[in-house]
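Using our numbering, read the sequence shown as starting at 1 and increasing by one per residue. Where a beta carbon is used, it is the ideal one built from N, C-alpha and C, also for glycine.
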Amino acid sequence: MTVHDAWEHVPSMPITTSTRRATNDEIAREMDRRGEVIERLEARIEALEAEVERLRTLLRSAVSSADRNCPCHEETPNPCPKCGASVENLEACRAGELTLPVGVYYEIRVALEASHADR
Ligand SMILES: [Zn+2]
C-alpha cells in the first residue's frame, strides 16, 4: 500500500479556520516577547563583537611578534643571517613567514586587512 493509498482510507473532515483581532493583552505580550528577543540579540552581538576584537588583538600580536623575530631591523645586519634579506636586492624581511607557517601568516594578514576594510 502506498502512502497515497493509505490517505484514501482516512475519512475526510471539515476544517474551519477563523481570524479575530488580537486582544490588547495578546498584543502587549507579543511586544514584550519581541522586546526580550531584541535585547537578547543585542547582548549577543555585543558579546560577539568583543570576542572578535579580542581575536583581532591576538592575531595582531602574533603577526607583529613574528615580524620582529629577526635581527634585520633598520636594514642591518645586511644580509640578514636569519631570513637572508638583503638591502641591495631590496628584499623585505621574511621573519613573519619564517616564524609562522607561511599559509597561516598570510591568512592572518589578509584577515586583519579585511577587518580594517569593514570598519
Ligand atoms: Zn631578517
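Contact check, residue i vs residue j, beta carbons under 8 Å
i, j, result
"Pro79", "Pro71", "no"
"Ala56", "Leu112", "Residue identity differs from the one stated: residue 56 is Arg in this sequence, not Ala. Yes. Within cutoff."
"Ala43", "Ile108", "no"
"Cys83", "Ala66", "no"
"Val87", "Glu74", "no"
Beta-carbon contacts of residue i that lie in its chain and below 7 Å, excluding the five residues immediately before and after
i, result
"Ala92", "Ala85"
"Arg34", "none"
"Thr99", "Ala66 and Asn69"
"Val52", "none"
Close Cβ partners of residue i (< 8 Å) along its chain, the five nearest in sequence each way excluded
i, result
"Tyr106", "Glu97"
"Arg60", "Leu112"
Residues near residue i in its chain [Cβ-Cβ closer than 6 Å; skip 5 each side]
i, result
"Glu49", "none"
Output the residues surrounding ligand 1, defined as those with a CB atom closer than 6 Å to any ligand heavy atom, in chain order. My final list is Cys70, Cys72, Cys80, Lys82, Cys83, Ala85, Cys93 and Ala95.
Any chance you could list the alpha helix (DSSP H) runs of at least 4 consecutive residues sitting entirely within the segment 40-77, in chain order? Listed in chain order, there is nothing to give.
Return the chain-ordered ranges of every alpha helix (DSSP H) run that is complete within the segment 10-43 and spans a minimum of 4 residues. Secondary structure remark: continuous alpha helix (DSSP H) runs of at least 4 residues inside the segment 10-43: none found.
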